[in-house]
Amino acid sequence: MYTTNILHRADWWDSIEDKPGFVQCHLCPHTCRIAPDHYGICKVRQNISGTLYSTAYGRPVALHIDPVEKKPLYHFYPGESVYSIGTMGCNLACDFCQNWTISQMGYDKTLSSNIYTPQEIVDLTLSANLQLLAFTYNEPTVYAEYMRDIAEIAVKHGIKTLSVTNGYISNNIIQEVYENVHAFNIDLKAFSETFYKKYSKASFHEILKTIKTLYELKKHLEITTLIIPGLNDSEEELRQEFQWIVENTSPFIPLHLSAFYPSYKRQYHMPTSHETLVKVRELAKEVGLSYVYIGNIAGVDNSTYCPACGARIVRRHDYHVHIEQRDVCLCGRKIDIVS
Ligand code: SF4
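The opening residue of the sequence shown carries number 39 in my numbering; numbering runs sequentially from there.
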């Protein structure tokens, strides 16, 4: 690690022919057209003299070791710890963001940064004796080059990588960006274009495309929906979401229903009640999803049960995890958990 302000030339952009000095970024569906010296919506991709740079490359602002359940991923190496990194920036602008101090800000240009090369991130993971590495905290898409380069080195050391993402990425580059990323938790914030336009400043259908593509690429996939009272918790909308997941991916995709707490521009919004989450979980199960968990709230049973016989497979209490059965359930059904 060293201290500097070196910038990394971005990929996935081109110059705009009829606008000298302007560039267009193709990394996410915003396809920002960026004037000289300006940044894209994500605040970490900057046009400097007609070239697009990734200002987040090599500049993580969060480096922690977490339980993999905290991402949350419940069906991917349960009980393991994961080396976790995040940078500044995000390509969505959710007014309820729970991580806004890093996601809704760019870097302070007056400060120099600690630079970590991709190899150094992998070395930190290995020296912590970990086999899992997560791109999380803010939106990994906005530092796609850095994530891709870290993941490429990580796989050579047998490390599994995972991305906790809002799914807002250009569909035609998903395979390239995520070639060496094994597992995903995708935030499906609501099941409506109106919601995404109004509260996240993004297009809902792009998220669905990402989910379908990752599923087709056979990546390990889990989905999280933050239940925000009055904004995305109508029975009709949630039923549509759960049906869509069942029909377009699988009834065995783990779904995490997360409790909202007042945050960012929604300091005075009501938090999600325990009763609401339990009710929504029942709805998801009624629609056909087999693995539905409740997050961000204490006192719920988040153990995993076999969908065929009901036997407990993984016992969970907060972040304490005990695997009771591996690979195949006592009833003979294959267990939908990577471990
Ligand atoms: S990644 Fe950033 S700069 Fe590129 S299109 Fe998306 S928001 Fe704009």
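A virtual CB, placed ideally from N, CA and C, is assigned to each residue, including glycine.
Would Tyr302 and Asp133 qualify as a contact pair, given that the criterion is a beta-carbon distance under 8 angstroms?
yes
For Phe134, would you say it is in contact with chain B, using Cβ-to-Cβ distances shorter than 8 angstroms as the test?
Protein chains in the displayed structure number just one, and chain B is not present.
Is it the case that the region 111 to 129 contacts the region 279 to 289, given that we only count it when at least three CB pairs across the two stretches are under 8 angstroms?
no
Please report how far the alpha carbon of Ala228 lies from the alpha carbon of Asn270, in whole angstroms.
6 angstroms
Measuring only from the beta carbon, is Cys63 closer than 7 angstroms to any heavy atom that is part of the ligand SF4?
yes
In whole angstroms, what separates the C-alpha of Ile373 from that of Ile261?
18 angstroms
Once DSSP output is grouped into helix, strand and coil, what is the label at Lys257?
coil
Looking at Leu252: is its Cβ nearer than 8 angstroms to the Cβ of Ile212?
yes
Compute every distance between the C-beta of Gly196 and the non-hydrogen atoms of the ligand SF4, then say whether any falls below 7 angstroms.
no
Span of the alpha helix (DSSP H) holding Val318?
His312 to Val325
Rounded to the nearest angstrom, what separates Thr139 and Val316 at their Cα positions?
30 angstroms
What does Thr203 pair with, by DSSP beta-bridge criteria?
Ile224
Let me confirm a value: Asn209 is counted as buried when at least 16 other C-beta atoms fall within 10 Å, else exposed. Which label applies?
exposed
Short Cβ contact (8 angstroms threshold) for Ala172 with Val202:
yes
Below 7 angstroms, is the gap between the Cβ of Cys132 and the nearest heavy atom of the ligand SF4?
no
For a quick check, are the C-beta atoms of Ser92 and His46 less than 8 angstroms apart?
yes
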